[in-house]
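All the letters of the sequence shown, read from the start, carry residue numbers 157 to 713 under the working numbering.
In this text, a Cβ means the ideal position worked out from N, Cα and C, and glycines have one as well.
Computed from a prediction, not measured in an experiment: that's the story for all the values here.
Written out below as structure tokens is the structure these notes cover.
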Amino acid sequence: MDGTKETGMRNVSSHCSINDMFDEDFSRLLDKPKLNIERQRSFDERSLSELSIGLTRVGLDNLESTYSPGRRSGFDTPASSTRNSFEPHPMVADAWEALRKSLVYFRGQPVGTIAAVDHASEEVLNYDQVFVRDFVPSALAFLMNGEPDIVKNFLLKTLRLQGWEKRVDRFKLGEGAMPASFKVLHDPLRKTDTLVADFGESAIGRVAPVDSGFWWIILLRAYTKSTGDLSLAETPECQKGMRLICSLCLSEGFDTFPTLLCADGCSMVDRRMGIYGYPIEIQALFFMALRCALAMLKHDAEGKECIERIVKRLHALSYHMRSYFWLDFQQLNDIYRYKTEEYSHTAVNKFNVIPDSIPEWVFDFMPTRGGYFIGNVSPARMDFRWFALGNCVAILASLATPEQSMAIMDLIEARWEELVGEMPLKISYPALEGHEWRIVTGCDPKNTRWSYHNGGSWPVLLWLLTAACIKTGRPQIARRAIDLAETRLLKDSWPEYYDGTLGRYIGKQARKYQTWSIAGYLVAKMMLEDPSHLGMISLEEDKQMKPVIKRSSSWTC
Ligand code: GLC
């Protein structure tokens, strides 16, 4: 329980807005100052170049004068600028209203949004909680709408929760662990609010959410970049929070790979789905969080060591991911012809993958042009499934090279029917069926084929797809996906997920009024309308991490 007194929210000390700095020309977004991880610079200096894009062009003074907090607040006035021809879709006002209904208050202040406001559902389970991952699209919507306070409150509140002692039975969890979710308990008699958090000790399967800490860091950067308020990230509390999260993941062990070893169910896919090992979702978020932390950590006595470890890890991680997780036509053909049982440094088939383990479907699925990061790579095991979140985050974090980013978009276009169908976007492809489903999921009735985490279609992924489309200069793909979502989402009361090979059916056990479906739609709309918003959730390529090897020509042409 959070019995401690709340510290007052710090005043926003410096403001700048990137929103007014870009006209409709989002090619300038790609013109941002580049991150140079080898150069040692002060936080302030880095803040100016990395956290506030385009500052060099307009100057800080100009920015401060152009910022007007709350300029877009209120759901009567959603972020519909008059600068372009987009008419707000009638669904937008409904979405804002639903999003505001999901707000959760702690001692009078909004601190997050509830996972689902579904009164019709018999079983609440933990959908009445504020999930860290679910809050991210809500936070982005509020930031884009000029309402940063709730995001700041959330960041501070979850940071406090990190400080709790966390136990599962008699085992103590790492200090840096962030909760999967928390709940505010209102006592109307005593007029008190208290918090309960879940770090995995109540979660189905008892798995700690590895993604929560990463999303927290990514959100802190989004907040800083969107508001220009550097003071929050610079507080000793936030600096410590970042260091704790990073040191949990950077600690030395028996690893031979720079990727992060994970249990099944430790991320958005929060139940057994055969993603144990090195799942792409976590690796992409890990990479992005490390890069965000690098931009915000101070070069003081405590930060320095952490920064050095981050730099080294990023270097190794990008090499590993770009080399071994990447799959395109050429690479698939190479694996198909792999020799096995090779020993020593000269081995081509380093992980001893047996070509017979390549599933049949992937030969048809792979277009001649295009590619993607596969689900998992570990000794003698490649999970060839396609996962949406990991691939979109890889684009946003520039874990994917520009050529790989283009190839991922090419694949989405080439396999539109399979990955988008009638509702964006499949969480994974393809679904596990029959014997494989039994073995891998442990006969999970919620994860039957083409449902939920097993090939279900999740509207929340729309914002990630849209961001990836804008970053790769292909907004027309996002437009197509948003058009599809607009035919159904409101009518179907914002379901959590859809079922079926085409995503035509409202999910078997899908919650209605699922907050991140609502917020994801709003974020997608606002980003497409004003692509400069992309800056808060995207990182430019770092030339230091250029790939050493080129895998094939399909993504160079
Ligand atoms: C489900 C999802 C998880 C989400 C939670 C709350 O458990 O699998 O990703 O955070 O619901 O919406």
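Please identify the residue among the options whose C-alpha is closest to the C-alpha of residue i.
| i | options | result |
| --- | --- | --- |
| Asp639 | Lys602, Leu684, Leu417 and Gly663 | Leu684 |
| Ala333 | Cys402, Gly384, Ser387 and Glu303 | Cys402 |
| Phe327 | Val363, Pro266 and Leu315 | Val363 |
| Ala419 | Glu458, Val366, Arg447 and Met562 | Val366 |
| Leu645 | Phe485, Val616 and Glu573 | Val616 |
| Leu341 | Ala553, Arg263, Asn508 and Thr597 | Arg263 |
| Phe714 | Leu259, Gln487, Ala389 and Glu303 | The question about residue 714 has no answer, for the chain in this structure spans 157 to 713. |
| Trp614 | Arg660, Thr597, Ala623 and Gly598 | Arg660 |
| Thr415 | His471, Gly369 and Met300 | His471 |
| Val653 | Met522, Lys647, Asp512 and Ala666 | According to the sequence shown, residue 653 is Tyr rather than Val. The candidate whose alpha carbon is nearest that of Tyr653 is Ala666. |
| Glu697 | Lys627, Met398 and Ser423 | Lys627 |
| Gly137 | Lys454, Ala634, Trp517 and Phe521 | Here the chain comprises residues numbered 157 to 713, so residue 137 is not present and cannot be evaluated. |
| Arg571 | Met522, Asp456 and Trp606 | Met522 |
| Ile373 | Glu303, Val288, Asp354 and His476 | Val288 |
| Met247 | Ser649, Ile270 and Met565 | Ser649 |
| Ser479 | Val533, Lys495 and Val286 | Val533 |
| Ala254 | Asp655, Pro651, Gly590 and Leu406 | Pro651 |
| Leu581 | Gly384, Leu621 and Thr604 | Leu621 |
| Tyr669 | Asp520, Lys647 and Tyr492 | Lys647 |
| Arg537 | Ser561, Ala556 and Ile510 | Ile510 |
| Cys422 | Lys681, Arg399, Gly356 and Leu375 | Gly356 |
| Gly577 | Glu464, Thr657, Asp520 and Met477 | Thr657 |
| Gln285 | Phe338, Val518 and Val324 | Phe338 |
| Ala249 | Glu498, Ile674 and Ser688 | Ile674 |
| Ala637 | Ala445, Ile568 and Tyr608 | Ile568 |
| Gln395 | Glu408, Glu574, His455 and Trp371 | His455 |
| Cys448 | Leu473, Phe481, Asp490 and Ala378 | Ala378 |
| Asp655 | Met579, Ala563, Ile436 and Ala451 | Met579 |
| Glu303 | Asp566, Ala276, Ala389 and Pro266 | Pro266 |
| Asn282 | Ala276, Phe291, Ile270 and Pro244 | Ile270 |
| Gly433 | Leu417, Trp371, Gly369 and Leu446 | Leu417 |
| Leu351 | Thr314, Asp325, Asp490 and Ile360 | Thr314 |
| Val474 | Glu573, Glu574, Ile551 and Thr643 | The question names Val, but residue 474 is Ser in the sequence shown. The shortest C-alpha separation from Ser474 is found at Ile551. |
| Lys699 | Tyr608, Leu555, Leu406 and Leu259 | Leu555 |
| Arg630 | Leu259, Pro335 and Asp566 | Asp566 |
| Phe370 | Cys405, Ser382 and Arg493 | Cys405 |
Using only the heavy atoms of the ligand GLC, determine whether one of them is closer than 6 Å to the beta carbon of residue i.
| i | result |
| --- | --- |
| Met424 | yes |
| Phe338 | no |
| Phe310 | no |
| Arg289 | yes |
| Ala271 | yes |
So the alpha helix (DSSP H) residue i belongs to, where does it begin and stop?
| i | result |
| --- | --- |
| Trp572 | Trp572 to Leu575 |
| Gly676 | Thr671 to Glu685 |
| Arg635 | Pro631 to Arg644 |
| Trp619 | Leu617 to Lys627 |
| Thr597 | Gly590 to Thr597 |
| Gln395 | Pro392 to Leu406 |
| Asp429 | Note that residue 429 is Met in the sequence shown here, rather than Asp. Here Met429 belongs to no alpha helix (DSSP H), and DSSP marks it neither H nor E. |
| Ile438 | Ile436 to Met452 |
| Glu697 | From DSSP, Glu697 is part of no alpha helix (DSSP H); its letter is neither H nor E. |
| Asp385 | No alpha helix (DSSP H) contains Asp385, which DSSP labels as neither H nor E. |
| Asp520 | Glu516 to Phe521 |
If you follow the beta strand (DSSP E) that residue i is in, where does it begin and where does it stop?
| i | result |
| --- | --- |
| Tyr475 | Counting along the chain, Tyr475 falls outside any beta strand (DSSP E), though it belongs to the alpha helix (DSSP H) covering Ala457 to His476. |
| Phe507 | Looking at the DSSP string, Phe507 is not in any beta strand (DSSP E), and its letter there is neither H nor E. |
| Asn532 | Gly527 to Ser534 |
| Asp484 | Trp482 to Asp484 |
| Arg537 | Arg537 to Phe543 |
Between residue i and chain C, is any beta-carbon pair separated by less than 7 Å?
| i | result |
| --- | --- |
| Thr269 | Given the protein chain composition of this structure (a single chain), no chain C is represented. |
The region 417 to 431 contacting the region 338 to 348, beta-carbon criterion three pairs below 8 Å: Short answer: they don't touch.
Continuous beta strand (DSSP E) assignments of at least 3 residues falling wholly in the region 246 to 325: Inside the region 246 to 325, DSSP marks whole beta strand (DSSP E) runs of 3 or more residues at positions 259 to 262 and 265 to 269, from first to last along the chain.
Contained beta strand (DSSP E) runs [length at least 3] in the region 321 to 366, N- to C-terminal order: 337 to 343 and 348 to 354
Sufficient close CB pairs (3 or more, under 8 Å) joining the region 684 to 697 to the region 288 to 304: yes
Touching by the beta-carbon criterion (3+ pairs, under 8 Å), the region 438 to 445 and the region 503 to 517: With fewer than three CB-CB distances shorter than 8 Å, the region 438 to 445 does not count as touching the region 503 to 517.
Given 8 Å, three or more beta-carbon pairs between the region 519 to 526 and the region 477 to 493: yes
The region 530 to 546 in contact with the region 579 to 589 per 3-pair CB rule at 8 Å: yes
The region 545 to 554 in contact with the region 510 to 520 per 3-pair CB rule at 8 Å: no
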